[in-house]
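Positions 1 to 500 (the UniProt record's numbering) are the ones given, in order, by the first sequence.
Beneath this line is the structure, given in structure tokens, with notes to follow.
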Amino acid sequence: MPMSLPSPCSPLSEFLPSPSLSNHAVFLNNTRKLSCHKFSGLKLVFIPAASLPTTKSYHPETTVLQSPILGKKEQRLYPKEVKALPCKERVDHIVRVLDKEIGVLSISDFNDVLMALVTANESDLVLKLYSGLTCYSLEPNSWTFTIMVRCHCKKKDPSEAKRVLDQMMLKGFNPNVATLTTLINSFCKIGQLQNAFQVFEVMDRIGCKPNIQTYNCLLKGMCYVGRIEEAFELMEDIKKTVEPDIYTYTAMMDGFCKVGRSDEAMELLNEAMEMGLAPNVVTFNTLFDGYAKEGRPLKGFGVLKLMKQKKCMPDYISYSTLLHGLLLWGKVLAGLRIFKEMEGNGLEADDKLMNSLVRGLCRKSMKEIDLVEVAYQMFEKMKKRGFVIEHSTYALAIQALCVANKVDDAFINLLQMVRLGYIPRLIAINNVIRALCLGGKVDEAFYVLVLMYENSKIPSRMSYDLLIHELNRQERTLSACNVYGAALVRGVVPHKKPRR
DNA sequence: ATAGGGTTAG
1 MPMSLPSPCS PLSEFLPSPS LSNHAVFLNN TRKLSCHKFS GLKLVFIPAA SLPTTKSYHP
61 ETTVLQSPIL GKKEQRLYPK EVKALPCKER VDHIVRVLDK EIGVLSISDF NDVLMALVTA
121 NESDLVLKLY SGLTCYSLEP NSWTFTIMVR CHCKKKDPSE AKRVLDQMML KGFNPNVATL
181 TTLINSFCKI GQLQNAFQVF EVMDRIGCKP NIQTYNCLLK GMCYVGRIEE AFELMEDIKK
241 TVEPDIYTYT AMMDGFCKVG RSDEAMELLN EAMEMGLAPN VVTFNTLFDG YAKEGRPLKG
301 FGVLKLMKQK KCMPDYISYS TLLHGLLLWG KVLAGLRIFK EMEGNGLEAD DKLMNSLVRG
361 LCRKSMKEID LVEVAYQMFE KMKKRGFVIE HSTYALAIQA LCVANKVDDA FINLLQMVRL
421 GYIPRLIAIN NVIRALCLGG KVDEAFYVLV LMYENSKIPS RMSYDLLIHE LNRQERTLSA
481 CNVYGAALVR GVVPHKKPRR
């Protein structure tokens with residue numbers, strides 16, 4: 001078995017903890033034809049060495065999948081599994097595999113590895129491998145450059161990608177639409193429209209025809225930098241040269257929505273439908289967001305109706321966007337309705353959304369006292385289901401409970417939040433103290449004060465005043481004096497004096 | 001023949 005060590009200039013050798021630790025024979029196989037799925041994974045095939053005693057999988061934490069096509073002994077490693085490994089071992093792992101093949105790799109094998117690594121979001125390793133490419137007397141080909149452009153774009157570094165592109169063209173390779181569109185999109189995404197158009201000109205110069213995807217990227221870029229009118233003009237031009245698709249319409253609609261012109265977005269939707277284009281969930285979600293941001297969240301109900309009518313299933317984003325919008329503008333009951341529909345459709349709200357909903361209900365219940373039961377039930381259901389309850393949610397729930405005169409529940413929840421490590425604000429504390437005192441529960445109120453000391457928080461004058469007032473009312477003069485004294489010790493002088 | 005474009009909250 002050939003045990004090829006990395007050459008001295010190997011870009012891989014520095015990754016290796018020690019040379020040739022592997023007890024597995026590894027080879028690269030061009031499985032391109034065998035993989036038909038988009039995420040077919042790293043095209044690396046591992047074969048355990050039959051001559052060696054250990055035939056366990058390469059790394060204990062790695063789930064190595066059997067490839068039915070390649071036979072029993074041959075196993076493949078997928079990016080997902082690579083990613084599951086700790087960072088350091090991940091690199092070792094890949095490097096060990098490649099190490100065995102250095103010297104016999106063809107450029108197209110190398111490209112396969114690079115591509116798989118780009119897919120697996122291992123850009124740093126890609127750069128490392130690429131930088132050492134010539135050490136193995138491998139010449140980058142057109143596809144290599146294409147992958148590198150893509151890699152830099154993925155790293156949100158279109159300028160570097162552009163340099164690779166220039167180098168590629170210098171070598172006489174002509175990039176195609178997909179590559180140039182990737183680069184244009186990358187520039188657009190960071191708002192560098194000038195550079196995007198510069199690439200667009202390159203396209204023109206080399207006789208590469210832009211397609212609808214190219215135009216859509218530019219359109220989105222223009223909207224992103226706020227040049228809505230120009231984007232709209234571009235869209236009119238697109239219509240003259242290429243068939244716009246639903247992406248075009250969605251991009252333009254999003255542009256309008258983001259500047260508070262949702263009605264125009266809706267008009268565009270109608271136009272798209274008239275053209276026979278089928279709007280999808282993203283198209284509708286754009287509208288939910290637009291109307292929500294504009295302060296007309298109820299318009300979302302119309303959108304929801306339309307989307308169902310068009311046989312488009314609302315997804316998590318649809319509901320959460322709509323729900324957030326409704327809550328933002330105080331349409332809490334409508335929000336509750338949407339929440340129920342969402343649950344009914346098997347979509348589970350996450351912690352943030354639940355917190356938001358409960359806060360909305362609490363806020364509303366302070367004006368509509370009947371709602372407090374609904375709010376509190378939802379709050380308790382959250383706890384039972386194990387949702388993380390945020391500080392502000394506790395605070396509002398406690399406030400709502402105080403307002404509704406559910407003093408005991410307010411007290412219990414205050415203790416609960418402290419137990420969870422939250423430090424309640426003075427206002428929350430005083431609200432509970434006040435509510436407890438009003439209910440004559442002065443001992444509990446005093447306990448709240450003690451709780452604050454434990455959390456090294458100095459109560460405000462208000463806290464002491466409330467207590468002293470109630471103790472006076474109950475003619476517990478001695479206790480009132482004690483509280484007064486406790487205040488003075490902490491440098492607080494209450495307004496209320498113990499009654500003599 | 002591999003690759004390229006879209007939406008939410010906080």
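Glycine is no exception: its CB is placed at the ideal position from the N, C-alpha and C atoms.
Item	Value
Cα-Cα separation between S365 and A397, rounded to whole angstroms	10 angstroms
For R473, three-class secondary structure by DSSP	helix
Reference H469; option with closest CA among P459, V483, Y453	V483
Any 3 or more C-beta pairs closer than 8 angstroms across the stretch 189-207 and the stretch 240-256	no
DSSP three-state assignment for F173, whether helix, strand or coil	coil
7 angstroms Cβ cutoff met for G191 and Y224	yes
Length-filtered (4 minimum) alpha helix (DSSP H) runs lying within the stretch 406-474	407-419, 426-438, 442-454, 461-473
Contacts around V149, its chain only, beta-carbon distance under 7 angstroms, and the 5 residues preceding and following it disregarded	A161, V164, L165, T179, T182, L183
L193 vs G221 beta-carbon contact at 7 angstroms	yes
Inter-residue Cα distance where the pair is L323 and C217	30 angstroms
Start-to-end residues for the alpha helix (DSSP H) that takes in R150	142-154
Endpoints, the alpha helix (DSSP H) within which I212 is located	212-224
Pick from G485, C402, E230, I412 that is closest to E380, judged by C-alpha positions	I412
Coarse secondary structure for E229, derived from DSSP in three states	helix
Every unbroken beta strand (DSSP E) inside the UniProt repeat "PPR" (280-314) [3 residues or more]	none
Best match in V303, P297, K311 for proximity to K326 [C-alpha to C-alpha]	One point to set straight first is that residue 326 is Leu, not Lys, in the sequence displayed. Nearest option by C-alpha distance: P297.
Given 8 angstroms, three or more beta-carbon pairs between the stretch 450-460 and the stretch 475-494	yes
Own chain, CB closer than 8 angstroms to L170, minus 5 neighbours either side, in chain order	none
Integer-rounded CB distance, given that G290 should sit under 8 angstroms from W329	That pair is no contact at about 14 angstroms.
For H391 and G421, the rounded distance between their alpha carbons	10 angstroms
The stretch 368-375 contacting the stretch 338-355, beta-carbon criterion three pairs below 8 angstroms	no
Buried versus exposed, by CB contacts within 10 Å (16 or more), A278	exposed
Contacting residues, own chain, Cβ-Cβ under 7 angstroms from N174 (five flanking each side not counted)	I206
Boundaries (first-last residue) of the alpha helix (DSSP H) holding L361	351-365
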